[in-house]
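Residue numbers (the UniProt record's numbering): 1 to 449.
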């Protein structure tokens, strides 16, 4: 299992202005999906810019275990030789996803829709995350849950049906993982599989399915057209495709916020995905007064990307509406850090989904703020952060709970707080941003060790 080694504490302290340019790792969501659709396609899928963090490598290992041929050339390009829809074989061993919640949940839809038996497991963090939200629709499609840990968690074993049943599923939670698991399962079902969302979630699965040759129809749904109705025609023949993975906006969030907070900074973050369902943090920071400019907008791999020029800024508190949460669900920890430096109160509404991420992120963020002298409150599913426009005290040690985004968010705080900030373990940062420390040091960030 992952994270069996001793913790690796890291301390960040304030120093010189951040200067220079960096390209964050490839987008994690796109990387997972490229591997999975490569497995389900006929021919050889070529992937450039894949995020080579532990999470994605776990998905690649699972794809190999299910029959794909996968290799990496000397220039960092990956090749996936797929087996096609219906071609998966029984894995010889447990599919260990480490900390990769996205990989595990999406692959449950893939493996569960095939007449095979597969056991899913992960590290201590993944074993705490709820899987019932994925299993409920899969069971409606004919998947049998042969074994399941207490609370609907991994380790669990799925047995797929001889023929998967297409369904129309109205998701009770705004989750791209739930939507994607159902759509991926629907690939191996006759007829049309439909997912209805009350609020639109990131649409990378729909975009990439089309790239590989699937027929996907998307319509606005519900009051104000804020929801989506996504219909997939089942049992297509997917054809291998070339994928260029854009830079991950969730990873870009950390150097971006650091550049806003460290006085005198100016940083260019290159090739960042600008999908409107992923830019909630940018929208919020601009409302707070951030000096961010999008330069050289262009298309890469079916997604719009841009270089972001970020300059240190005085921020003000804002009210973040709950309907924005799906477009920035992974960025709330670092937004809370930005809010600690802003003048006034920032209220982030409707954060229930943060309670079921790699950790209870709402509780972890609140504890980290408290330990570093930041006034805040949790009211139901809302987080309120009270700033006075100056740097917070810092000086705390933050419990990360094996959560990479908690670790990076509070290291960003340490780069601008009055006293250094320590996170109790930074090892898990490698799951999404393995080059975080050297990249930030190259900009001028001060970290120990």
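Even glycine gets a Cβ: it sits at the ideal position worked out from N, Cα and C. Since the model is a prediction, treat every value here as computed from it, not as a measurement.
Residue 256 versus residue 310 - alpha carbon distance: Along the chain shown, one-based indexing puts residue 256 at 256. Along the chain shown, one-based indexing puts residue 310 at 310. Near 6 Å, if we compare the C-alpha coordinates of residue 310 and residue 256.
- request: Look at the alpha carbon of residue 282 and the alpha carbon of residue 221, and state the distance between them as a whole number of angstroms.
  value: For the purposes of this step, residue 282 is taken as the residue at position 282 of the chain shown. For the purposes of this step, residue 221 is taken as the residue at position 221 of the chain shown. About 25 Å.
Any 3 or more C-beta pairs closer than 8 Å across the stretch 275 to 290 and the stretch 194 to 209: In short, these stretches touch, since the Cβ pair count reaches three.
- prompt: Quick one: what does DSSP say residue 39 is sitting in, helix, strand or coil?
  reply: Position 39 of the chain shown, counted from the first residue, corresponds to residue 39. Of the three classes helix, strand and coil, the one that applies to residue 39 here is helix, per DSSP.
Residue 122 versus residue 146: straight-line alpha-carbon distance, rounded: Start at 1 with the first residue of the chain shown, and residue 122 comes out as number 122. Start at 1 with the first residue of the chain shown, and residue 146 comes out as number 146. Cα to Cα, residue 122 sits roughly 17 Å from residue 146.
- request: Alpha carbon to alpha carbon, how far is residue 34 from residue 367? Give it in angstroms, no decimals.
  value: As a first step, residue 367 is located in the chain shown; it is residue number 367 there, counting from the start. As a first step, residue 34 is located in the chain shown; it is residue number 34 there, counting from the start. If you take the alpha carbons of residue 367 and residue 34, they lie about 36 Å apart.
task: Just grab the DSSP bridge partners of residue 32 for me.
output: The residue given as residue 32 occupies position 32 in the chain shown. Beta-bridge pairing links residue 32 to no other residue.
message: Do residue 111 and residue 55 have their beta-carbon atoms positioned less than 8 Å apart in this structure?
response: Taking the first residue of the chain shown as 1, we reach residue 55 at position 55. Taking the first residue of the chain shown as 1, we reach residue 111 at position 111. No, they are not a contact pair.
message: According to DSSP, simplified to helix, strand and coil, what is residue 102?
response: Within the chain shown, numbered from 1, the residue matching residue 102 stands at position 102. Note: residue 102 maps to helix in three-state DSSP.
- request: Determine the DSSP secondary structure at residue 254, reduced to helix, strand or coil.
  value: As a first step, residue 254 is located in the chain shown; it is residue number 254 there, counting from the start. Note: residue 254 maps to helix in three-state DSSP.
- prompt: Using a beta-carbon distance below 8 Å, is residue 239 in contact with chain B?
  reply: The chain labelled as chain B is not found in the depicted structure, where only one protein chain is given.
- prompt: So, residue 166 versus residue 119, is the Cβ gap smaller than 8 Å?
  reply: Looking up residue 166 in the chain shown gives position 166. Looking up residue 119 in the chain shown gives position 119. Their beta carbons are not under 8 Å apart, which means residue 166 does not touch residue 119 by this criterion.
field: C-alpha gap between residue 81 and residue 60, whole angstroms
entry: Taking the first residue of the chain shown as 1, we reach residue 81 at position 81. Taking the first residue of the chain shown as 1, we reach residue 60 at position 60. Looking at the two C-alpha atoms, the distance is approximately 12 Å.
field: Exposure label - residue 184; buried when at least 16 CB within 10 Å
entry: Locating residue 184 in the chain shown gives position 184, counting from the first residue. Under this definition residue 184 is a buried residue.
message: By the DSSP assignment, the alpha helix (DSSP H) with residue 70 in it spans what residues?
response: Locating residue 70 in the chain shown gives position 70, counting from the first residue. That residue, residue 70, is in no alpha helix (DSSP H); its beta strand (DSSP E) goes 69 to 72.
field: residue 408 - containing alpha helix (DSSP H), residue span
entry: What you label residue 408 is simply residue 408 of the chain shown in a count that begins at 1. Where residue 408 is concerned, the enclosing alpha helix (DSSP H) stretches over 404 to 414.
message: What does the Cβ neighbour count give for residue 394, buried or exposed, with the cut at 16 atoms within 10 Å?
response: What you label residue 394 is simply residue 394 of the chain shown in a count that begins at 1. Buried is the call here.
- request: Report yes or no: do three or more beta-carbon pairs, one from the stretch 415 to 427 and one from the stretch 227 to 244, lie closer than 8 Å?
  value: Contact fails: fewer than three Cβ-Cβ distances are below 8 Å.
Same chain only: Cβ atoms within 6 Å of residue 58, ignoring 5 sequence neighbours per side: Within the chain shown, residue 58 is the residue found at index 58, counting from 1. Short of 6 Å from the beta carbon of residue 58, and not among the five residues preceding or following it, lie these beta carbons of its own chain, in chain order: 97, 98, 100 and 103.
field: Nearest-angstrom beta carbon gap, residue 77 and residue 48 [assumed within contact, 8 Å]
entry: On the chain shown, residue 48 is found 48 positions in, with the first residue counted as 1. On the chain shown, residue 77 is found 77 positions in, with the first residue counted as 1. Indeed they touch by this definition, with Cβ atoms about 5 Å apart.
- request: Count the other CB atoms, across all protein chains shown, that sit within 10 Å of the CB of residue 390; report buried if there are 16 or more and exposed otherwise.
  value: If you number the chain shown from 1, residue 390 lands on position 390. Classification of residue 390: exposed, given that the 10 Å Cβ count is below 16.
query: Just the Cα atoms here: how many angstroms apart are residue 225 and residue 346?
result: Within the chain shown, numbered from 1, the residue matching residue 225 stands at position 225. Within the chain shown, numbered from 1, the residue matching residue 346 stands at position 346. Distance between the alpha carbons of residue 225 and residue 346: 27 Å.
task: May I ask you to report which of helix, strand or coil DSSP gives residue 24?
output: For this step, residue 24 is matched to residue 24 along the chain shown. In this structure, residue 24 counts as coil in the three-state DSSP scheme.
- request: Given a cut-off of 8 Å, decide if residue 227 and residue 197 are closer than it, judged by their beta-carbon atoms.
  value: Translated into the one-based positions of the chain shown, residue 197 becomes position 197. Translated into the one-based positions of the chain shown, residue 227 becomes position 227. Cβ atoms of residue 197 and residue 227: closer than 8 Å.
- prompt: Can you tell me whether residue 422 is buried or exposed, with buried defined as 16 or more other CB within 10 angstroms of its CB?
  reply: If you number the chain shown from 1, residue 422 lands on position 422. Result: buried.
query: Where residue 3 and residue 199 are concerned, what is the direct C-alpha to C-alpha distance, given to the nearest angstrom?
result: By one-based count along the chain shown, residue 3 stands at place 3. By one-based count along the chain shown, residue 199 stands at place 199. Unreliable placement is indicated for residue 3, whose pLDDT of 45 sits below 50; the coordinate value is still reported in the next sentence. Answer to the nearest angstrom: the Cα atoms are 35 Å apart.
- prompt: Got a sec, what are the start and stop residues for the beta strand (DSSP E) residue 382 sits in?
  reply: For the purposes of this step, residue 382 is taken as residue 382 along the chain shown, with counting starting at 1. Its beta strand (DSSP E) spans residues 382 to 388.
message: residue 261 and residue 338 - do their beta-carbons sit closer together than 8 Å?
response: On the chain shown, residue 338 is found 338 positions in, with the first residue counted as 1. On the chain shown, residue 261 is found 261 positions in, with the first residue counted as 1. Contact flag set, yes.
- prompt: Roughly how many whole angstroms lie between the Cα atoms of residue 172 and residue 195?
  reply: The count along the chain shown starts at 1 and reaches residue 172 at position 172. The count along the chain shown starts at 1 and reaches residue 195 at position 195. Their backbone Cα atoms lie some 11 Å apart in a straight line.
- prompt: Should residue 163 be labelled buried (16 or more other beta-carbon atoms within 10 Å of its own) or exposed?
  reply: As a first step, residue 163 is located in the chain shown; it is residue number 163 there, counting from the start. Exposed, since its Cβ has fewer than 16 Cβ neighbours within 10 Å.
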